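Take a look at the structure below.
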Amino acid sequence: MNMREQIEKYIKENQLNVSDESIWSFDESIEEELLYLISHGIKTATSSLYKFYEMENEDLPKVGNLSIITNSKDEYQFLIETIRVEIVQFKEVSSEHAYKEGEGNRTLEYWKKVHIDFFNNELKEIDEALKDDDLVVLEEFKVLVGVKI
């Protein structure tokens, strides 16, 4: 049974609901690393810019939400459940959250460096740059079903 079948079986057996909008993937340039980190229980959190939820009229994540993370080939990799959501200014992201994101040396300094670059790249599309008081949506999750990489 492939991962898609395993995830679909889990959803059906547990009478869960996952909408098409809840299927997403990471940027292809960092996908392999992030999927590996999730697979090994190192990455248990993620973050995104609040303003893109507003601009795209997209619902903010909520505790209990289910998501399917795919790879760049649209192959199911993980079924996750959101267990915590917090909205803070960029300058207020904690070292605890940075650690849970699991990237690099897991420090806040490293998290800020890579996320300044990542968020500024996203903001270029709307001719903006990241500011310290920009709101960031911080999510923690647990894996319900997933691949081992």
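Numbering-wise, the numbering used here puts 116 at position 109 of the sequence shown, and it's gapless, one number per residue.
By construction, the Cβ of each residue, glycine as well, lies at the ideal position given by its N, Cα and C atoms.
Keep in mind it's a predicted model, so treat the numbers as computed, not measured.
- With a cutoff of 8 Å on beta-carbon distance, residue 41 and residue 33 are scored as near each other.
- When the five nearest sequence neighbours on each side are left out, the beta carbons in the same chain lying within less than 8 Å of the beta carbon of residue 29 are those of 72, 73, 74 and 75, in order along the chain.
- Scanning its chain for C-beta atoms nearer than 6 Å, with the 5 sequence neighbours on each side dropped, one finds around residue 35 the residues 79, in chain order.
- Taking a cut-off of 8 Å for Cβ pairs, the stretch 78-95 and the stretch 119-137 do not touch, as fewer than three such pairs fall below it.
- About 5 Å separates the CB atoms of residue 89 and residue 148; that is less than 8 Å, so the two are in contact.
- Restricting attention to beta strand (DSSP E) runs no shorter than 3 residues, the stretch 61-135 encloses them at 73-77 and 83-96, ordered along the chain.
- Around the Cβ of residue 143, a 10 Å sphere holds 16 or more other Cβ atoms; the residue is buried.
- The beta carbon of residue 153 is closer than 6 Å to those of 85 in its chain, skipping five residues each way along the sequence.
- Shown here for residue 156: same chain residues with a beta carbon closer than 7 Å to its own, the five before and five after excluded, namely 42, 43 and 46 in chain order.
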